[in-house]
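A quick write-up on the structure given underneath.
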Amino acid sequence: MKNKFLAIMLTAGCLCQFLSSATLDAASIRETPLVRAVKRAQTAVVNIHTEKSAEESNSVFGTTNRGKINGMGTGIVIDERGYLVTNNHVIAGVDSLEVSLYDGSRYSAHVVTFDREHDLAIIKVDGNPKLDVMEIGTSSDLMLGETVIAVGNAFGYVHTVTSGIISSLSRDVEVNEEQQYKNLIQTDASINPGNSGGPLLNLDGEVIGINVAIRAGAQRIGFAIPIDDARELIAKLMSVEVLDKMYHGLTTRCVHNGGGHELIVDRVKSGSPADKAGLKPGDVIVRMGTVGINDGVDLERSLLGVQSTDSVPVIVVRDETEQQLSLTLERLQKGQFLHGVETPQNQTEPVVYSQAGAWDVLGLKLVELAETSKNRVSPRYRGGMQVTNVRPGSPAASNGIKRGDILVGLHVWETVNEENISYVLDHPQLETFSPLKFFILRNGETLYGHLSLKNIPKTASR
Numbered sequence: 002m003k004n005k006f007l008a009i010m011l012t013a014g015c016l017c018q019f020l021s022s023a024t025l026d027a028a029s030i031r032e033t034p035l036v037r038a039v040k041r042a043q044t045a046v047v048n049i050h051t052e053k054s055a056e057e058s059n060s061v062f063g064t065t066n067r068g069k070i071n072g073m074g075t076g077i078v079i080d081e082r083g084y085l086v087t088n089n090h091v092i093a094g095v096d097s098l099e100v101s102l103y104d105g106s107r108y109s110a111h112v113v114t115f116d117r118e119h120d121l122a123i124i125k126v127d128g129n130p131k132l133d134v135m136e137i138g139t140s141s142d143l144m145l146g147e148t149v150i151a152v153g154n155a156f157g158y159v160h161t162v163t164s165g166i167i168s169s170l171s172r173d174v175e176v177n178e179e180q181q182y183k184n185l186i187q188t189d190a191s192i193n194p195g196n197s198g199g200p201l202l203n204l205d206g207e208v209i210g211i212n213v214a215i216r217a218g219a220q221r222i223g224f225a226i227p228i229d230d231a232r233e234l235i236a237k238l239m240s241v242e243v244l245d246k247m248y249h250g251l252t253t254r255c256v257h258n259g260g261g262h263e264l265i266v267d268r269v270k271s272g273s274p275a276d277k278a279g280l281k282p283g284d285v286i287v288r289m290g291t292v293g294i295n296d297g298v299d300l301e302r303s304l305l306g307v308q309s310t311d312s313v314p315v316i317v318v319r320d321e322t323e324q325q326l327s328l329t330l331e332r333l334q335k336g337q338f339l340h341g342v343e344t345p346q347n348q349t350e351p352v353v354y355s356q357a358g359a360w361d362v363l364g365l366k367l368v369e370l371a372e373t374s375k376n377r378v379s380p381r382y383r384g385g386m387q388v389t390n391v392r393p394g395s396p397a398a399s400n401g402i403k404r405g406d407i408l409v410g411l412h413v414w415e416t417v418n419e420e421n422i423s424y425v426l427d428h429p430q431l432e433t434f435s436p437l438k439f440f441i442l443r444n445g446e447t448l449y450g451h452l453s454l455k456n457i458p459k460t461a462s463r
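See the structure below:
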């Protein structure tokens, strides 16, 4: 009897072990790479809720009704202090911003910087909650057919997850005359209104793209900005020059080295804080303060909040040897600005034209003439800037400037390179030059006209 009881107990024990093992196997089968990727990234995805004013005319009574339009989008946490990246079109013209986190908590937020041309913006969550930061991958090794995941505030359904594949790479998409995108990732993962600004993830749970557009009237044709294109723009938008008015003097580039990314110093401005600290071209920046450095975004966020009296420890690798340096930032001198980066106009800070760049001020996209093309310029001029695009309705368009024209002068100055353009747009007396005289070459003939600066948008720096 005792042996029989023992046999029953052993059988029951084996059965429990089998059921437990089967349950574990079932759970492991269900937790696919896609599920693990979503788990890794989901807390760093933020839902954005916006409100803007709208006016509706009543033609019968001749009155205007003021109302509100609610909008939605998605953001990606790039710094634990509450800095998020999203699309500019998500926050453009809004009166108020609110974000909801994965745990359901809600916070007000405000716009920090934005880049209209590339459709990116940085917003900051109010209240200083400590947030989980998204892991940034690379878009340099993407494969057609690779599984990708979109997470976002689709149609207001927060933290919606969809999946698909990479359908194509290097797509150019023109939304309208003022908004064009280059080199986009195409995916068949469902991207809907509200997904804008959210992440396109790989199976490692890393962001490899920022969802930006869909093909109207089509199904499962969506587009994302490659993260390697976006990271340089995000670094500009997060720059301590823009946010804190501090200056380091470094020009860097991010390199994918197979196992990750590293930030290499390209140039060090003579006499700058970086120069005084002993940084040199070719240095690989490993750590800045307490932050490990993988790209320009890490560099800029590591220096946010640093004062000119603070000494920041820097670790670099030079000639395969690790070196420790010390960097002290300096206040940004008046007239130094990052072109293309804008801040909200309602801030009570000095107003400058140059920060918006030639596109917003004049309505021109310009590139320097190659040496081989300078024979197109009259011997009277040392060179010029070729017009590659003209914004409809801009001062340049109103005065007949066309794509292909060569801009050789503004006011009394030549325009041979970008520095010349910056000099004019940074000039403290720019407004007094209006209408601004311009000189262009077209078919070998010099033409001139005047650009009105009266109605151009002033951009506040902060």
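Numbering-wise (our numbering), the sequence shown opens with residue 2 and increments by one. No residue lacks a Cβ here, since even glycine has one placed at the ideal position from N, Cα and C.
Worksheet item: From the DSSP output, which residues share a beta bridge with residue 400?
Response: Paired residues: none, contrary to the question.
Review point. By how many angstroms is the C-alpha of residue 309 removed from the C-alpha of residue 120?
Key: 32 Å
Legend entry - Min CB distance residue 166 to chain D below 8 Å: Included in the structure is just one protein chain, with no chain D present.
Exercise. Report the three-state DSSP secondary structure of residue 424 (helix, strand or coil).
Key: Shown here, residue 424 sits in a helix according to DSSP, grouped into three states.
Is DSSP giving residue 303 helix, strand or coil here?
-> helix
Problem - Helix, strand or coil at residue 184 [DSSP, three-state] - result: Look at residue 184 here: in three-state DSSP terms it is strand.
Nearest-angstrom Cα distance between residue 192 and residue 154?
About 10 Å.
How should residue 387 be labelled, buried or exposed, when 16 other C-beta atoms within 10 angstroms of its C-beta is the threshold for buried?
buried
Do residue 212 and residue 196 come within 8 Å of each other at the CB atom, strictly closer than that value?
yes
| query | Out of curiosity, what's the CA-to-CA distance linking residue 122 and residue 132? | reply | 18 Å
Item to complete: Using DSSP bridges, identify the partner residues of residue 47.
Response: 76
**OP:** Compute the Euclidean distance between the alpha carbons of residue 45 and residue 431, then round it to the nearest angstrom.
**Re:** 43 Å
Original post:
Taking three-plus beta-carbon pairs below 8 Å as touching, is the region 107-121 in contact with the region 77-93?
Top reply: yes
Review point. Just how far apart, CA to CA, sit residue 244 and residue 444?
Key: 44 Å
task = Give the straight-line distance between the Cα atoms of residue 175 and residue 214, rounded to the nearest whole angstrom.
result = 10 Å
Please classify residue 414 as buried or exposed, where buried requires at least 16 neighbouring CB atoms within 10 angstroms. exposed
Check: Which word fits residue 268, buried or exposed, when buried means at least 16 other C-beta atoms lie within 10 angstroms of its C-beta?
Finding: exposed
- From what residue to what residue does the alpha helix (DSSP H) around residue 227 run? In the DSSP assignment, residue 227 falls outside any alpha helix (DSSP H) and within the unbroken beta strand (DSSP E) covering 223-227.
Excluding five sequence neighbours on each side, which residues of the same chain lie with their C-beta closer than 8 Å to the C-beta of residue 418? 369, 384, 386
Checking 8 Å against the spacing of the C-beta atoms, do residue 159 and residue 106 come in under that value? no
- Item | Beta-carbon gap between residue 81 and residue 134 smaller than 8 Å | The answer is yes: Cβ separation under 8 Å.
Hey, out of 181, 206, 220, 246, whose CA is closest to residue 188's CA?
Per the Cα distances, 220.
I'd like to know whether the C-beta atoms of residue 300 and residue 315 end up nearer to each other than 8 Å. no
TODO: In angstroms with no decimal places, state the Cα-to-Cα distance between residue 272 and residue 331.
DONE: As the crow flies, the alpha-carbon of residue 272 is around 11 Å from that of residue 331.
Check: By a C-beta neighbour count over all protein chains shown, 10 Å radius and 16 as the cutoff for buried, is residue 248 buried or exposed?
Finding: Label assigned to residue 248: buried.
For this session: Within 10 angstroms of the Cβ of residue 203, are there 16 or more other Cβ atoms? Answer buried if so, exposed if not.
Result: buried
* So, is residue 51 buried or exposed, given that buried needs 16 or more other C-beta atoms within 10 angstroms? -> A residue is called buried when at least 16 other Cβ atoms come within 10 angstroms of its Cβ; residue 51 meets this threshold and is buried.
Rounded straight-line distance, which links the Cα of residue 402 to that of residue 447: When rounded, the distance between both Cα atoms is 12 Å.
### Query
What is the DSSP secondary structure of residue 418, counted as helix, strand or coil?
DSSP places residue 418 outside both helix and strand once states are collapsed to three, so it counts as coil.
Worksheet entry | Sub-8 Å separation of residue 241 and residue 305 beta-carbons | yes
Might you give, ordered along the chain, the residues of its own chain that have their beta carbon closer than 8 Å to the beta carbon of residue 277, omitting 5 neighbours on each side? 329
* Can you give me the start and stop residues for the beta strand (DSSP E) that residue 154 sits inside? => 148-155
* Asked: Where do the ends of the beta strand (DSSP E) carrying residue 38 lie?
  -> Looking at the DSSP string, residue 38 is not in any beta strand (DSSP E); the run it does join, the alpha helix (DSSP H), is 34-42.
Note to self: Helix, strand or coil for residue 194? Go by DSSP, reduced to three states.
What the structure shows: coil
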